[in-house]
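Asks: Mind looking over this structure? Questions follow.
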Amino acid sequence: MISYAITDPSTLDFNHLDRDLKRFSQKASMIVYRDKSNSTRNGLDFVQTAKMFGFEKVIIHGNATLANSAGADGVHLSSLQLDEIPDAKALNLFVIVSTHTIDELKKAEVLGADMATFSPIFDTPNKGLPVGLEMLKSVTSQVTIPVLA
Numbered sequence: 297m298i299s300y301a302i303t304d305p306s307t308l309d310f311n312h313l314d315r316d317l318k319r320f321s322q323k324a325s326m327i328v329y330r331d332k333s334n335s336t337r338n339g340l341d342f343v344q345t346a347k348m349f350g351f352e353k354v355i356i357h358g359n360a361t362l363a364n365s366a367g368a369d370g371v372h373l374s375s376l377q378l379d380e381i382p383d384a385k386a387l388n389l390f391v392i393v394s395t396h397t398i399d400e401l402k403k404a405e406v407l408g409a410d411m412a413t414f415s416p417i418f419d420t421p422n423k424g425l426p427v428g429l430e431m432l433k434s435v436t437s438q439v440t441i442p443v444l445a
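What follows is the structure, given as structure tokens:
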């Protein structure tokens, strides 16, 4: 089973990054750093430190150039960044894409994404109306890439 930790400045203390990443490494096989205000600020430190903890994939959110230059394994793109998938793949990055509809999911697959998230499945604050488990089952049967929820 894939367990994917999505971190941000509220879940990581960069003064004690080793401690925080060790905690995440005990449960997650993949980890992403997401700082929607400024991913470059701590992205390099995150990647360098996370690489010491045996994650299968260390990923930067939203910035393929930063992911590549920092030595990350991949990039997590938003549903508004689907057209950036080919550029990220050209950098030999593993690409995960956030999707919210079957059309976005199919487009992500066609453009070469390696994996996708599909949400919201359940009621989640500020994430829109939940689509439920039946929709998740339906969309996962229509694509071949792994879908995380």
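Going by our numbering, the letters in the sequence shown line up with residues 297 to 445, in that order. Built from N, CA and C at the ideal position, the CB exists for glycine as well. Model, not experiment: these values are computed from the prediction.
(1) Mind reading off the beta-carbon distance from Y329 to T345? Whole number of angstroms is fine, and I expect it under 8 Å.
(2) Based on DSSP bridge pairs, tell me the residues matched to L444.
(3) How would you label K433, buried or exposed, when you count the other beta carbons within 10 angstroms and need 16 or more for buried?
(4) Spatial neighbours of V443 within its chain, please: CB distance less than 6 Å, with the 5 preceding and 5 following residues excluded, ordered by chain position.
(5) Quick check: K423 and G408, are their CB atoms within less than 8 Å of each other?
(6) Rounded to whole angstroms, what's the CA-CA distance from I327 to A368? Just pull it up for me.
(7) If you draw a straight line from the C-alpha of G370 to the C-alpha of V354, how long is it?
(8) By how many angstroms is the C-alpha of D383 removed from the C-alpha of P426?
(9) Let me know the beta strand (DSSP E) ranges lying completely inside the region 298-322, each 3 residues or longer, listed in chain order.
(10) Whole angstroms are fine: how far does the CA of G358 sit from the CA of L308?
(11) Between the Cα of K403 and the Cα atoms of N388, L387, Q438, which residue gives the shortest distance?
(12) Go ahead and pull the three-state DSSP assignment for S365.
(13) In whole angstroms, give me the CA-to-CA distance for S394 and L340.
Replies: Inspection of the coordinates gives the following:
(1) In the sequence shown, the residue the question calls residue 329 occupies position 33. In the sequence shown, the residue the question calls residue 345 occupies position 49. Their Cβ separation, rounded to whole angstroms, is 10 Å, which puts Y329 and T345 out of contact at 8 Å.
(2) Counting from 1 along the sequence shown, the entry for residue 444 is found at position 148. Residue pairing by DSSP puts L444 in a beta bridge opposite T413.
(3) Counting from one through the sequence shown, the residue named residue 433 turns up at place 137. Classified as exposed, K433 has fewer than 16 neighbouring CB atoms from the shown chains inside 10 Å of its CB.
(4) As a first step, residue 443 must be located in the sequence shown, where it is residue number 147. Here the set comprises A412, F414, T436.
(5) The count along the sequence shown starts at 1 and reaches residue 423 at position 127. The count along the sequence shown starts at 1 and reaches residue 408 at position 112. If you check the CB distance, K423 and G408 do not come in under 8 Å.
(6) Here residue 327 corresponds to residue number 31 of the sequence shown, with the count starting at 1. Here residue 368 corresponds to residue number 72 of the sequence shown, with the count starting at 1. Each residue's Cα considered, the two are about 10 Å apart.
(7) What you label residue 370 is simply residue 74 of the sequence shown in a count that begins at 1. What you label residue 354 is simply residue 58 of the sequence shown in a count that begins at 1. Their Cα atoms are separated by approximately 7 Å.
(8) Residue 426 sits at position 130 when you count from the first residue of the sequence shown. Residue 383 sits at position 87 when you count from the first residue of the sequence shown. Approximately 31 Å between the Cα atoms of the pair.
(9) Entirely contained in the region 298-322, the beta strand (DSSP E) runs reaching 3 residues are, in chain order, 300-303.
(10) The residue you call residue 308 lines up with position 12 of the sequence shown. The residue you call residue 358 lines up with position 62 of the sequence shown. Spanning the two alpha carbons is a distance of roughly 18 Å.
(11) Counting from one through the sequence shown, the residue named residue 403 turns up at place 107. Out of N388, L387, Q438, the CA that lies nearest to the CA of K403 is found in Q438.
(12) Working through the sequence shown from its first residue, we reach residue 365 at position 69. Helix.
(13) As a working mapping, residue 394 is identified with position 98 in the sequence shown. As a working mapping, residue 340 is identified with position 44 in the sequence shown. Distance from the CA atom of S394 to the CA atom of L340, rounded to whole angstroms, is 22 Å.
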